[in-house]
Amino acid sequence: MHKSFLILKREYLTRVRKKSFIIMTLLVPFLFAGFTILPAWLAMQDDEEQRTIGVYDATSQFDQRLENTDFTNFHPIQKAEFESIQQDIKSSKYYAVLHIPEDIVATSRARLLSDKQVTFDIKNMIGGKLENLIEADKKAVIIDESGIPDLEEKLAAARTRIQLETMKVDEKGSAVKSSTEIAMAVGYAAGFIIYMFVFIYGAMVMRGVMEEKTSRIVEVIISSVKPTQLMFGKIVGIGLVGLTQLVFWLILIFLIVSGLQVVLAPDQAELMQQSQNMMAANPQLQGAAQENAVLNIIDLVGNLNIPLILFSFLFYFLGGFLIYSSLMGAVGAAVDHEEEAQQLMLPVTIPLIFSIIILFPVVKNPEGALAFWASMVPLTSPVIMMVRVPYGVPMWELLLSMGILIVSIYGTIWVAGKIYRTGILMYGKKVNFKEIVKWLFYHN
Amino acid sequence: MEIFKATQVVKDYAGHRALDEVSLSVKDQSIFGLLGPNGAGKTTLIRIINQITAPDQGEIELFGRKLKASDIQHIGYLPEERGLYKKMKVGEQALYLAQLKGLSKHDALKGLKYWFEKFEIQPWWNKKVEELSKGMQQKIQFVITVVHKPKLLIFDEPFSGFDPINANLLKNEILNLKEQGATIIFSTHNMASVEEVCDHIALINRSKKILDGPIDDIKERYKQDIYEVETSAPHDVTAEFSRNGFQLIDYQLKGQIQRIKFQVVNETPANALLQHLMEKMEIRSFREVIPSMNEVFIQVVEQANPKKQAHA
C-alpha cells in the first residue's frame, strides 16, 4: 500500500506540475467566461453615438411626428435635397436617409438609405416608430367607425398570457416547483463534463502506460512493485489530477462570473439585493419578486435535490473514469505504437461516444426505454444516468445502476489487470483481440 | 552456502515452454553467469527470480527458504531492455525508484549521494533524463540497481551501451560488490566478460539447462588435448608429428618463427613430443590450448541444435 502511494504521488505530482496542466487549469475558466459572458455584456452596452437621420416623407404625414431619441435626431428634408443626397450619399451630413413613399400605408414598405450598413438597433428603432405611427392612425379610423371610444383599452384587457408552472409532487404529497429547463441544463452539463473528463483522463492513463512500456522503465518498476499496484497508483493518481482540475475550474468560473457580475452590472446586483431585502421584509411582495428571472432560477435550482445530484455526479465521475481508464490502461499495455493504440482505442471509446450521441434524445425524454437501458449498461451509465438524475429518477433505478457499475468496475479491473500484466512485458508482437482474449487465461 | 536455488522449474506460455525443468544453484558471494542463445529462456528465469512472473512448477529458494514477496527488496535487477522516465529529473527519479525498492527517503538520499559522488555525476542530479547520453543513463540505471544494497544482484547485459572505459569501471564495481558480500547473477552474450568475472556458469538452450559448473572445470572438460608450440628457425616438422601419433591442426610461418597447433590423438603424452622437438630446434613457447568460453558456447549449442546448424 505504501508503494502504491509512492506511485500515486509521482503520477499526481508530475502531471500537476506540468506547465500545460497549470496553463489549461487557469486559462479555460477565463476562456469560458470570455466566450459566454463578454458577448452578452457587449450586446447589452448602449449605443451612445449621436446620429441624425434625414427623413424625406412623400406623404408629409409622418416626418413631423417622428420623435427624437436620446441619441438619434430626425430631420425632415425636401424632395430636392433627397434627390441630391441620393446622387452623392457619401458626402451628406446624415447617417442615413429614410424615404417614406406615397403608398406606405397600403404597401407597408419604406426605405432606409445609407452608404454604410445601418446598425440593427437603428433599423429596429426606426421600423418600430413607423409601425406605431401607422398603427395608431389605423386604430383611430377603426375606433371612429365603430363608435366605441375605449375600444383599445377593452382589447388590451382581453389579451391573455398563461404561465405554466411545473410542480413535482413527492410521495408525501407536497408539491415543489420544478423546472424542466433547469433539470435539462444541469443534467446536460453534468453528463457532458463526465464524458469530457473520462475521455481526456482515460487517454492520459493510456499514454502513461505506453510511456512506461516504450521507455522500458516498466521492467525496473515491476521488479519492485506488483503490476496491479503500478496500475492502481497510476489510475488513482491521474483521477485525482482530473478532480483537481475540475475543482479548480468550478471555483475559478464561480469567482470570475461573480466578479464580472459585480464589475459589469453593479445595478443588477444591487437590485437583487434590494428585492431580497424586500422579500424578507414584506412577504406579500414575494409573488412579485419572483418575476425576477435571476431569483427565479436560484429558486428553482434550490428545488433540485442538490446533495443527491452532487453525490451522483461524484459517483459517476469516478465510476466512469475507473471503468474507462482501466480499459484504456490495458490498451496502452497491449500495444507498442501510437497507431496500434488508436485502433484498439476505438472499440473501447465507442460506448462513450454513443452516450454522447444519445444524450439529446435522453434529455428530451428521460423516462424512455433508451434512457432506462442506457443508464443501466455500465459503459454508458456514467453519462446517461447523470443526465437523468436532475429530473428525479426512481431510487431503485439509481441504486441498480450504481450497483451494476460497481460490479462492472471490479470485473473490468480484473480483465484489464490480466491484459496489463501480460501486455506490459510483451514487445514486438502485433496484438489483436484474439491474442488479448488468450492473455486472460494466462496465469502470471 | 547456496544463496539461490531453483529446482525443476517449468514455465509455460500458450503453446510454448519457456523453461523446462531447469535446476540451478548459486553460491553465496560468487558471480554466476547465466548464458544461452537468444530466446533460450534466460529472461523468463530472471523474471521468475524477480517475481515478475511465477513458475508453473518447481521450487525457487532464496537465502535457504522459499522465495517470498518481500524478497524483492533484497534483489537488485538491471534489465537488458532498460529505460527511465525521460521527462523526469535524474535525482527525483533515482529517489523514487530507490523508495519503490523499500528504502526510506533518508536512506535513499544517503545511498544515492554515495554513488553519485563515487561516479562523479552529482551535476546530473537536476537534469532531465532526456538531456543525458545513453551511456550516462546506463550509469544512473546501475546506481538505481545497487543503491538499496541488495544481497542478490541480477545484471542482464550490463555492459551494452558502455564505452570500454566505463565498461571497465562498471566491471570493477561489480567485482567490488562481490567483495562486499553480494551475489551476482550475470546474463550476457559477451563471453570475454564471462571469463573475466564469472566463477560459475549455467548454459540454457531451448528452455533446458545443458551445461552447468565452475568456469575452469567447464573449460577443462571441453579441452581437446590441443597444444601449441612456437619454435624459431624453420624446420619441416609435418612428418615428425604424424609419425608420432599427433594430428597437425594448424601451421603458420611468420619470418623466422613457426607456430604449430596439434592435437594428441593416441595416448602419447605431449611431453614426449616436446622432448623430441627440443633436440632439433629452439622452443620459444609451448602451451596447452584451453578453449575460450566463446568456443565452448558455440560447440555446446551447435551440438544441441544440429538442425539449426544445417540451416545456417
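Protein sequence lines, in the order shown, are assigned to chains Y and E. Residue numbers for the first sequence follow my numbering, so the first one is 1 and each next one is one higher. Residue numbers for the second sequence follow my numbering, so the first one is 1 and each next one is one higher. We treat Cβ as the ideally placed atom computed from N, Cα and C, and that holds for glycine.
For Lys101 (chain E), the nearest CB of chain Y lies under 8 Å from its own CB, placing it at the interface with that chain.
For Glu219 (chain Y), the nearest CB of chain E lies under 8 Å from its own CB, placing it at the interface with that chain. A straight-line Cα-Cα distance of about 39 Å links Phe35 (chain Y) and Leu400 (chain Y). In the DSSP annotation of this structure, the continuous segment of the beta strand (DSSP E) that includes Gln247 (chain E) starts and ends at 246-254. If you ignore the 5 residues before and after Pro150 (chain E), its C-beta comes within less than 6 Å of the C-beta of His74, Ile75, Gly76, all in its own chain and listed in chain order.
In the structure shown, Lys90 (chain Y) adopts coil according to DSSP, grouped into three states.
Gly58 (chain E) is not a Cβ neighbour of Gln93 (chain E), given a cutoff of 8 Å. Around the beta-carbon of Asn205 (chain E), 16 or more other beta-carbon atoms lie within 10 Å, marking it buried.
Interface with chain Y (8 Å Cβ-Cβ cutoff): Ile48 (chain E) is excluded. Separation of Lys208 (chain E) and Gly41 (chain E) (C-alpha to C-alpha, rounded to the nearest whole angstrom) is 8 Å. Boundaries of the alpha helix (DSSP H) harbouring His2 (chain Y): 2-16, taken from the DSSP string.
In this structure, the straight-line span from the alpha carbon of Thr44 (chain E) to that of His16 (chain E) is close to 12 Å. Beta-bridge partners assigned by DSSP to Thr7 (chain E): E:Glu59. For Gly54 (chain Y), the uninterrupted beta strand (DSSP E) segment begins and ends at 51-57. Counting along the chain, the unbroken alpha helix (DSSP H) around Glu92 (chain E) starts and ends at 90-100. Distance between Phe119 (chain E) and Asn294 (chain E), taken at the CA atoms: about 31 Å. Residue pairing from DSSP places Arg17 (chain E) in a beta bridge opposite E:Asp12.
Taken through DSSP and simplified to helix, strand or coil, Glu131 (chain Y) comes out as helix.
Exclusion of the five residues before and after Arg51 (chain Y) leaves Thr72, Tyr95 as the residues of its chain whose Cβ lies within less than 6 Å of its Cβ.
Taken in chain order, the complete alpha helix (DSSP H) segments of 4 or more residues contained in the segment 22-78 of chain E are 42-49. Runs of alpha helix (DSSP H) with 4 or more residues, each lying fully within the segment 130-170 of chain E, are found at 134-146, listed in chain order. By the CB criterion at 8 Å, Glu81 (chain E) and Arg216 (chain Y) fall inside the cutoff. Sorting Y:Met196, Y:Glu219, Y:Glu338 by C-alpha distance to the C-alpha of Leu97 (chain E) places Y:Glu219 at the top.
Going by DSSP, Phe119 (chain E) is part of no alpha helix (DSSP H) at all; its letter is neither H nor E. Within the same chain, Cβ atoms closer than 6 Å to the Cβ of Phe82 (chain Y) are found at Tyr56, the five residues on either side in sequence being excluded. Membership of Gly191 (chain Y) in the alpha helix (DSSP H) is indicated by the continuous run 180-214. The three-state secondary structure of Met167 (chain Y), taken from DSSP, is strand.
Straight-line spacing of the CA atoms in Met136 (chain E) and Phe313 (chain Y) works out to 48 Å. A direct Cα-to-Cα measurement between Ile309 (chain Y) and Val389 (chain Y) gives close to 6 Å.
Where Ala330 (chain Y) is concerned, the enclosing alpha helix (DSSP H) starts and stops at 306-334.
If you ignore the 5 residues before and after Leu177 (chain E), its C-beta comes within less than 8 Å of the C-beta of Val146, Leu153, Ile184, all in its own chain and listed in chain order.
Leu169 (chain E) and Phe297 (chain E) do not touch by the CB rule: their CB atoms are close to 26 Å apart, not below 8 Å. By the C-beta density criterion, Pro55 (chain E) is buried, having at least 16 other C-beta atoms within 10 angstroms.
Distance from Ala270 (chain E) to Tyr227 (chain E) at the Cβ level is roughly 5 Å; contact confirmed, criterion being Cβ atoms closer than 8 Å. Of the residues E:Glu220, E:Leu273, E:Ile210, the one whose Cα lies closest to the Cα of Ala304 (chain E) is E:Ile210. Our two residues, Gly83 (chain E) and Leu425 (chain Y), have alpha carbons roughly 13 Å apart in a direct line.
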